[in-house]
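This report concerns only the one structure given below.
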Amino acid sequence: MTTSATSPVRIYLVDDHEIVRRGLAEVLTQDGRCEVIGDSGSAIEATARIPALRPDVAVLDGRLGDGSGMDVCRDVRSIDPSIHCVILTSYDNDDAMLQAIMAGAQAYVLKQIRGTDLVDVVVRVAAGENLLDEDAASEVRSRIASTDICHHPALAELTEQERKVLLHVADGMTNRQIAAELFLAEKTVKNYLTSILAKLGLGSRTQAAVLVERLRAHP
Numbered sequence: 008m009t010t011s012a013t014s015p016v017r018i019y020l021v022d023d024h025e026i027v028r029r030g031l032a033e034v035l036t037q038d039g040r041c042e043v044i045g046d047s048g049s050a051i052e053a054t055a056r057i058p059a060l061r062p063d064v065a066v067l068d069g070r071l072g073d074g075s076g077m078d079v080c081r082d083v084r085s086i087d088p089s090i091h092c093v094i095l096t097s098y099d100n101d102d103a104m105l106q107a108i109m110a111g112a113q114a115y116v117l118k119q120i121r122g123t124d125l126v127d128v129v130v131r132v133a134a135g136e137n138l139l140d141e142d143a144a145s146e147v148r149s150r151i152a153s154t155d156i157c158h159h160p161a162l163a164e165l166t167e168q169e170r171k172v173l174l175h176v177a178d179g180m181t182n183r184q185i186a187a188e189l190f191l192a193e194k195t196v197k198n199y200l201t202s203i204l205a206k207l208g209l210g211s212r213t214q215a216a217v218l219v220e221r222l223r224a225h226p
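The following block contains the structure:
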């Protein structure tokens, strides 16, 4: 959907913290270039309401209690590709950025951004600019591939998500940190780790980390 030069950009906000939604609404509407037409605190509600309201831009929190902004973006744009999406997140993460690109988002913005800059991003996206172009996608894929051993034969029994969890374990991350990195519940990460150890015949996360380091040294 596109807007005329005189009409404010119609925005839908999604964040699981009400106070954040209120703050974003104030920031985005202060100079008159944007108006907020709705907001949600959950992925399920947002996925239902956004296509019905047809905003110009949906500003989506990267991590939600029942999903992620990337999930919402993918689902909404599969229904109405004219709705543009901006992922607004606290996490500067290559994997999450790649998910945003693959979901069809037009921008991936950290919450540290200044208010005026966020308004500029939203207005540009509403005008049809893609701030996450294929060059950005290629760069992210290259950085991930440079240290990726996910397809090593020794890990063939693991699912894709289990391999990601394993690599983060090897990097010394806690279950909580991995959960934040991969947009998962901490309990889900624990379950993945239990499955990983069973499939690889290992007894601890330390042994898992040692295995990964050995594979990295001898790919």
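Positions 8 to 226 (my numbering) are the ones given, in order, by the sequence shown. Beta carbons: idealized from backbone N, C-alpha and C, even for Gly.
Could you pull the DSSP bridge partners for L95 from this structure? By DSSP's assignment, L95 forms a beta bridge with D68, V116.
Selection from A133, V130, L67 that minimises the alpha carbon distance to L117: Selected option, being the one with the closest Cα: L67.
With DSSP as the reference, label R17 as helix, strand or coil. If DSSP states are grouped into helix, strand and coil, R17 belongs with the strands.
Please state the DSSP three-state secondary structure of S153. Since pLDDT at S153 reaches only 46, below the 50 mark, its modelled position is unreliable, and the value read off the structure follows with that caveat. Helix at S153.
Through-space distance from L162 to R170, alpha-carbon basis: Straight-line measurement puts the Cα of L162 at about 7 Å from the Cα of R170.
Just list the residues that DSSP pairs S75 with in beta bridges. Paired residue(s): R70.
Boundaries of the beta strand (DSSP E) in which E136 is found, first to last residue: It is not in any beta strand (DSSP E) - E136 carries neither H nor E in the DSSP assignment.
Own chain, CB closer than 8 Å to E220, minus 5 neighbours either side, in chain order: Only residues of its own chain outside the window of five on either side were considered, and among them A177 have a CB closer than 8 Å to the CB of E220, listed in chain order.
Using the Cα positions of A112 and L139, report the straight-line distance between them to the nearest angstrom. Straight-line Cα distance between these residues: approximately 7 Å.
Tell me the DSSP secondary structure of D46 in three-state form. Strand at D46.
Decide yes or no for the touch test of the region 27-35 against the region 70-84: beta carbon pairs closer than 8 Å, at least 3 of them. Taking 8 Å as the limit for Cβ pairs, the verdict is that the region 70-84 does not touch the region 27-35.
Can you tell me the Cα-Cα spacing of A192 and A186, whole angstroms? Using only the alpha carbons, I get a separation of about 6 Å.
Out of L71, G39, V64, which has the shortest C-alpha to C-alpha gap to L137? Contrary to the premise, residue 137 reads as Asn rather than Leu in this sequence. Closest in alpha carbon position to N137, among L71, G39, V64, is V64.
Own chain, CB closer than 6 Å to S153, minus 5 neighbours either side, in chain order: Annotation note: pLDDT 46 at S153 (below 50); position unreliable, no value reported.
Cα-Cα, which of I57, R17, T54 is closest to G43? The sequence given here has Val at residue 43, not Gly. It is R17.
Take R28 and list the residues in its own chain whose beta-carbon comes closer than 6 Å to its own, dropping the five residues that flank it on each side. Cβ-Cβ distances below 6 Å link R28 to L20, D22, D46 in the same chain, with the five nearest sequence neighbours on each side left out; the list follows chain order.
DSSP three-state label for G208, please. Of the three classes helix, strand and coil, the one that applies to G208 here is coil, per DSSP.
On the CB-based measure, 16 or more other CB atoms within 10 Å of its CB, does P88 come out buried or exposed? Flag for P88 reads exposed.
Can at least three beta-carbon pairs, one atom from the region 188-204 and one from the region 97-108, be found at a separation below 8 Å? With three or more CB-CB distances shorter than 8 Å, the region 188-204 counts as touching the region 97-108.
Name the DSSP beta bridge partners of C80, please? Listed as beta-bridge partners of C80 by DSSP are no residues whatsoever.
V217: buried (16+ other C-beta within 10 angstroms of its C-beta) or exposed? Under this definition V217 is an exposed residue.
To the nearest angstrom, how far is it from the Cα of I90 to the Cα of T123? Answer to the nearest angstrom: the Cα atoms are 22 Å apart.
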